[in-house]
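K.L.:
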Amino acid sequence: MIDKKKRTVFKEGAITPSFIADSIAAHSRKNNIGAHDIFLGQVRNDLIDNKTVVAIEYTAYQEMAEQKFYEIREAVFAKYNLVCLHIYHSIGVVKTGEICLFVFVSSVHRKEAFDACREIVEQVKLLVPIWGKEIFEDESSVWKENK
Amino acid sequence: MIDKKKRTVFKEGAITPSFIADSIAAHSRKNNIGAHDIFLGQVRNDLIDNKTVVAIEYTAYQEMAEQKFYEIREAVFAKYNLVCLHIYHSIGVVKTGEICLFVFVSSVHRKEAFDACREIVEQVKLLVPIWGKEIFEDESSVWKENK
Amino acid sequence: MKINILVFGQLYDITKVSQLTIYEVNNTEQLTRKLIEQFPELSKFKFSIAVNKKIVQQNTILNNEDTVALLPAFSGG
Amino acid sequence: MKINILVFGQLYDITKVSQLTIYEVNNTEQLTRKLIEQFPELSKFKFSIAVNKKIVQQNTILNNEDTVALLPAFSGG
Numbered sequence: 265m266i267d268k269k270k271r272t273v274f275k276e277g278a279i280t281p282s283f284i285a286d287s288i289a290a291h292s293r294k295n296n297i298g299a300h301d302i303f304l305g306q307v308r309n310d311l312i313d314n315k316t317v318v319a320i321e322y323t324a325y326q327e328m329a330e331q332k333f334y335e336i337r338e339a340v341f342a343k344y345n346l347v348c349l350h351i352y353h354s355i356g357v358v359k360t361g362e363i364c365l366f367v368f369v370s371s372v373h374r375k376e377a378f379d380a381c382r383e384i385v386e387q388v389k390l391l392v393p394i395w396g397k398e399i400f401e402d403e404s405s406v407w408k409e410n411k
Numbered sequence: 265m266i267d268k269k270k271r272t273v274f275k276e277g278a279i280t281p282s283f284i285a286d287s288i289a290a291h292s293r294k295n296n297i298g299a300h301d302i303f304l305g306q307v308r309n310d311l312i313d314n315k316t317v318v319a320i321e322y323t324a325y326q327e328m329a330e331q332k333f334y335e336i337r338e339a340v341f342a343k344y345n346l347v348c349l350h351i352y353h354s355i356g357v358v359k360t361g362e363i364c365l366f367v368f369v370s371s372v373h374r375k376e377a378f379d380a381c382r383e384i385v386e387q388v389k390l391l392v393p394i395w396g397k398e399i400f401e402d403e404s405s406v407w408k409e410n411k
Numbered sequence: 085m086k087i088n089i090l091v092f093g094q095l096y097d098i099t100k101v102s103q104l105t106i107y108e109v110n111n112t113e114q115l116t117r118k119l120i121e122q123f124p125e126l127s128k129f130k131f132s133i134a135v136n137k138k139i140v141q142q143n144t145i146l147n148n149e150d151t152v153a154l155l156p157a158f159s160g161g
Numbered sequence: 085m086k087i088n089i090l091v092f093g094q095l096y097d098i099t100k101v102s103q104l105t106i107y108e109v110n111n112t113e114q115l116t117r118k119l120i121e122q123f124p125e126l127s128k129f130k131f132s133i134a135v136n137k138k139i140v141q142q143n144t145i146l147n148n149e150d151t152v153a154l155l156p157a158f159s160g161g
């Protein structure tokens with residue numbers, strides 16, 4: 265039972281805890297799953313030049329990004345024995361403390377879920393054309409740099 | 265802001281998606297968190313000698329288990345730079361498709377959350393005196409063996 | 085000299101009780117021998133022994149009112 | 085010969101438009117040179133170039149109606 269249909273990754277604004285809960289609940293029907301690894305990226309209140317980040321505004325080259333997400337999914341499904349794999353990324357404004365990235369990997373045994381989830385997160389940050397603009401309290405902003 | 269108070273790990277029955285959602289939502293106030301890694305163990309419908317597992321009944325040496333969970337928490341907090349760490353394990357009956365283990369690790373950057381979460385899951389399976397009894401449709405059962 | 089014994093997992097299927105009391109044993113080796121006399125089936129299983137919640141690898145001296153737990157291989161998670 | 089240009093991230097702060105059109109260029113090197121003539125500030129930034137959604141590392145021949153995207157370092161997640 266492999267679920268790898270193409271779907272939209274981008275969600276307008278923050279990814280909510282209730283959306284995550286619904287995703288988890290939807291997997292209770294997949295009785296061969298033994299392990300889920302979930303990565304959540306949360307917007308930090310970083311201090312940059314004495315100003316505190318209050319939100320990040322995400323923009324993307326969406327057509328290319330969806331293509332990249334699809335390629336990442338295909339490669340990871342080919343490499344690891346997974347049951348399910350879902351990736352969601354915010355577009356638009358996400359406030360500090362809110363979730364902007366949700367990677368959800370399910371497998372029979374835990375090793376595959378752990379390995380695949382980590383690999384996906386690294387590849388999303390490296391390969392997908394998304395840009396974050398960090399917004400401060402005074403509405404000034406700076407383009408985010410990933411480490 | 266390090267949160268490492270001692271608490272009860274065991275939950276009677278399955279760990280629900282809404283409980284997980286509430287845990288995630290509670291972390292939106294911790295604005296220095298940039299990454300969460302969540303591991304969920306789900307009860308599988310394994311086929312053993314032609315009988316399908318419909319539930320696992322967990323028992324534990326609870327006093328010793330709580331002590332072990334505490335030691336695992338302390339060691340992981342000492343080793344990794346984490347903001348938050350929560351571990352929940354079911355006791356009693358958990359049906360196939362339901363969640364029996366919830367490890368929730370939060371850090372400023374993703375590397376620590378990934379490393380620590382994986383280490384905790386391995387240690388929980390190795391060090392904590394918990395036993396699962398796999399129950400079949402005909403109410404017969406077999407003691408679970410971890411790989 | 086009174087030792088409280090706790091039995092877990094598949095070992096419980098042999099003893100049929102989760103708690104029992106053993107008297108007049110001075111160390112974990114004597115204790116194990118006495119338990120196997122009482123429940124010969126126990127000798128077929130591998131299990132660890134915890135004295136007062138700490139797993140002991142070697143023969144360990146026991147004191148009055150110590151709690152000894154018989155722990156088959158863990159299978160949590 | 086008409087090439088559609090898409091501009092993203094901090095490069096947009098320079099061009100002030102997210103889409104523009106460049107005519108009469110045959111390859112990505114010519115295109116980059118022409119863009120830097122028009123927006124000299126661009127030369128201060130490192131960016132990748134995608135032709136029809138594929139990143140190209142070397143000078144690449146362009147065809148009429150190709151879409152070229154200017155991509156500064158990604159910062160998703």
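Residue numbers (this note's numbering), protein chains in the order written: chain A, 265 to 411; chain B, 265 to 411; chain C, 85 to 161; chain D, 85 to 161.
Even glycine gets a Cβ: it sits at the ideal position worked out from N, Cα and C.
#1: Could you pull out every residue in the same chain whose Cβ sits closer than 8 Å to the Cβ of V273 of chain B, ignoring the five residues on either side in sequence?
#2: Distance, Cα to Cα, Q103 of chain C vs I139 of chain C?
#3: Thinking C-beta only, is I355 of chain A closer than 7 Å to A324 of chain A?
#4: Here's the rule: buried if 16 or more other CB atoms are within 10 angstroms of the residue's CB, otherwise exposed. What is Q306 of chain A?
#5: Residues bridged to I153 of chain C by DSSP?
#6: Of all the residues that make up the stretch 140–159 of chain C, which are near chain B by a beta-carbon distance shorter than 8 Å?
#7: The beta strand (DSSP E) spanning A377 of chain A covers which residue range?
#8: Any contact between the stretch 113–126 of chain D and the stretch 142–157 of chain D? By contact I mean 3 or more CB pairs, one from each, below 8 Å.
#9: So the alpha helix (DSSP H) E330 of chain B belongs to, where does it begin and stop?
#10: Decide if P124 of chain C is buried, meaning its Cβ has at least 16 other Cβ atoms within 10 Å, or exposed.
#11: If contact means a Cβ-Cβ distance below 7 Å, which residues of the stretch 341–361 of chain B contact chain A?
#12: Just curious, the beta strand (DSSP E) that Q141 of chain D is in, first and last residue?
#13: Do C381 of chain B and F303 of chain B come within 7 Å of each other at the CB atom, strictly closer than that value?
#14: Can you confirm whether the stretch 285–295 of chain B touches the stretch 281–288 of chain A when touching is taken to mean that 3 or more C-beta pairs between the two stretches lie within less than 8 Å?
#15: Does any heavy atom of the ligand PLP sit closer than 6 Å to the C-beta of T360 of chain A?
#16: Are there 16 or more other CB atoms within 10 angstroms of the CB of S159 of chain C, so buried, or fewer, so exposed?
#17: Reducing DSSP to helix, strand and coil, say where S292 of chain A ends up.
#18: Since G161 of chain C contacts K389 of chain B with CB under 8 Å, what's their CB separation in whole angstroms?
#19: Helix, strand or coil for S405 of chain B per DSSP?
#20: Starting from K428 of chain B, find everything on chain C with Cβ-Cβ shorter than 7 Å and list it in chain order.
#21: Counting contacts by CB-CB distance shorter than 7 Å, is V392 of chain B in contact with chain A?
#22: Using a C-beta cutoff of 7 Å, does S405 of chain A count as contacting chain B?
#23: Listed from N- to C-terminal order along the chain, which residues in the stretch 297–323 of chain A have their beta-carbon within a distance smaller than 7 Å of any beta-carbon of chain B?
#24: Please confirm whether K389 of chain A has its beta-carbon closer than 7 Å to some beta-carbon of chain D.
#25: Taking the beta strand (DSSP E) that T112 of chain D falls in, what are its first and last residues?
#26: Could you give the first and the last residue of the continuous beta strand (DSSP E) run that contains T105 of chain C?
#27: For K359 of chain B, collect the residues of the same chain with a Cβ closer than 8 Å to its Cβ; drop the 5 residues on either side in sequence, then sort them by chain order.
#28: With 7 Å as the threshold, decide whether the Cβ of K76 of chain D is near any Cβ in chain A.
#29: So what does DSSP say about K411 of chain B, is it helix, strand or coil?
#30: Which two residues bound the contiguous beta strand (DSSP E) that contains I351 of chain B?
#31: Just tell me which of D:D97, D:K100 and D:F131 has its CA closest to the CA of Q141 of chain D.
#32: Quick one: is S404 of chain A buried, meaning 16 or more other Cβ sit within 10 Å of its Cβ, or exposed?
P.N.:
This is what the structure gives:
#1: In the same chain as V273 of chain B, and ignoring 5 residues on each side of it, the C-beta atoms closer than 8 Å to its own belong to A329, E330, F333, I351, Y352 and H353, in chain order.
#2: C-alpha separation (whole angstroms): 18 Å.
#3: Contact flag set, yes.
#4: When all chains shown are included, Q306 of chain A counts as buried.
#5: Before going on, a small fix: residue 153 of chain C reads as Ala here, not Ile. DSSP links A153 of chain C through a beta bridge to C:L90 and C:A134.
#6: Listed by position along the chain: A153, L155, P156, A157, F158 and S159.
#7: For A377 of chain A, no beta strand (DSSP E) segment is defined; the enclosing uninterrupted segment is the alpha helix (DSSP H) at R374 to L391.
#8: Counting Cβ pairs under 8 Å, three or more are found: they touch.
#9: Residues Q326 to K343.
#10: Exposed, by the Cβ-count rule.
#11: Of all residues in the stretch 341–361 of chain B, T360 and G361 have a Cβ within less than 7 Å of some Cβ in chain A.
#12: Counted as a single uninterrupted DSSP element, the stretch harbouring Q141 of chain D is not any beta strand (DSSP E), since DSSP gives it neither H nor E.
#13: Their beta carbons are under 7 Å apart, which means F303 of chain B touches C381 of chain B by this criterion.
#14: Yes: the two stretches touch, three or more of their Cβ pairs being nearer than 8 Å.
#15: Judged by which ligands are present, the structure shown has none, so any question about the ligand PLP falls away.
#16: Answer is buried; the Cβ neighbour count reaches 16.
#17: If DSSP states are grouped into helix, strand and coil, S292 of chain A belongs with the helices.
#18: About 4 Å separates the CB atoms of G161 of chain C and K389 of chain B; that is less than 8 Å, so the two are in contact.
#19: Note: S405 of chain B maps to strand in three-state DSSP.
#20: A query on residue 428 of chain B cannot be resolved here, the shown segment of chain B reaching from 265 to 411 and no further.
#21: Judged by the 7 Å Cβ criterion, V392 of chain B is not in contact with chain A.
#22: Judged by the 7 Å Cβ criterion, S405 of chain A is not in contact with chain B.
#23: Of all residues in the stretch 297–323 of chain A, I297, G298, A299, H300, D301, I302, F303, L304, G305, Q306, R308 and N309 have a Cβ within less than 7 Å of some Cβ in chain B.
#24: Chain D contact via Cβ: present.
#25: Note, T112 of chain D: premise wrong, no beta strand (DSSP E); alpha helix (DSSP H) at T112 to Q122.
#26: From DSSP, the beta strand (DSSP E) with T105 of chain C extends over Q103 to Y107.
#27: Within the same chain, K359 of chain B has close Cβ partners A278, V307, V318 and A319.
#28: Residue 76 of chain D lies beyond the stretch modelled for chain D, which goes from 85 to 161, so this question has no answer here.
#29: Taken through DSSP and simplified to helix, strand or coil, K411 of chain B comes out as coil.
#30: Boundaries of the beta strand (DSSP E) around I351 of chain B: C348 to K359.
#31: When each option's Cα is compared against that of Q141 of chain D, the closest is D:F131.
#32: Counting C-beta atoms within 10 angstroms of its own C-beta, S404 of chain A has fewer than 16 neighbours from the protein chains shown and is therefore classed as exposed.
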